[in-house]
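J.: Below are the structure tokens for one structure; questions will follow.
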Amino acid sequence: MGRQINEIPARHHSQLHAIQNNADVANCQKIWQVNQAIRQHTHFFWHNLFAKTPLELPKQQVIICQNVLIYFRKFDQRDILAYFVQNLDIGGYVLLAPNEAMFWQHPSMRRVDNGQINAWQKISQ
1 MGRQINEIPA
11 RHHSQLHAIQ
21 NNADVANCQK
31 IWQVNQAIRQ
41 HTHFFWHNLF
51 AKTPLELPKQ
61 QVIICQNVLI
71 YFRKFDQRDI
81 LAYFVQNLDI
91 GGYVLLAPNE
101 AMFWQHPSMR
111 RVDNGQINAW
121 QKISQ
């Protein structure tokens with residue numbers, strides 16, 4: 001995210017802080033993290049994409065799954081994406097890589113026009 005900080009509106013910069021990247025100290029490259037106040041409302045977790053059990057969390061606001069679906073057959077991609085929709089709150093987003101699952105459509109989702117990411121928003125149950 002460090003390279004893309006300039007793309008984030010200035011009003012949100014206070015919600016980020018820079019940390020030194022120990023692996024690249026010679027170049028003094030900074031890595032940006034979301035501050036603790038935001039992070040406490042964020043959940044990152046591993047999940048088996050083929051698990052049929054519902055998530056043990058509230059409906060999600062954002063599900064990011066980039067450069068993963070390309071390794072699955074189309075019908076598996078469709079099933080995984082349907083699972084995401086099932087676990088997504090209305091108004092929430094599924095974010096995929098730009099050319100990932102381009103065939104996909106879902107009646108509860110609408111594609112968000114963005115050339116850099118394949119984004120979908122849930123509009124109904």
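Here the sequence shown stands for residues 1 to 125, where the numbers follow the UniProt record's numbering. Ideal Cβ positions, reconstructed from N, Cα and C, are used throughout, including at glycine.
Exposed or buried, Met102, counting other C-beta atoms within 10 Å across all chains shown (16 or more means buried)?
T.: Burial call: exposed.
J.: Are the CB atoms of Val62 and Tyr93 within a distance shorter than 9 Å?
T.: A contact, by the Cβ cut-off of 9 Å.
J.: Can you check DSSP and say which residues form a bridge with Lys122?
T.: Lys122 pairs with Met109.
J.: Could you pull the start and end residues of the beta strand (DSSP E) that Val85 belongs to?
T.: No beta strand (DSSP E) holds Val85; the alpha helix (DSSP H) holding it covers Lys74 to Gln86.
J.: Does the distance from the C-beta atom of Ile117 to that of Leu96 stay below 9 Å?
T.: Cβ atoms of Ile117 and Leu96: closer than 9 Å.
J.: Which residue's Cα is closest to the Cα of Phe44: Ala51, Leu55 and Phe72?
T.: Considering only alpha carbons, the answer is Leu55.
J.: Give the DSSP-derived three-state secondary structure of Gln15 in the structure shown.
T.: If DSSP states are grouped into helix, strand and coil, Gln15 belongs with the helices.
J.: CB-CB under 8 Å to Ala119, same chain, minus the five flanking residues each way: which ones, in chain order?
T.: The residues are Tyr93, Val94, Leu95, Leu96, Arg111 and Val112.
J.: Between the beta-carbon of Lys59 and the beta-carbon of Leu88, is there less than 9 Å?
T.: Going by C-beta atoms, Lys59 is nearer than 9 Å to Leu88.
J.: Indicate the three-state DSSP secondary structure (helix, strand or coil) for Leu49 in the structure shown.
T.: Correct three-state label for Leu49: coil.
J.: Expressed to the nearest angstrom, what Euclidean distance is found between the alpha-carbon atoms of Gly91 and Leu81?
T.: Gly91 and Leu81: Cα-Cα distance of roughly 16 Å.
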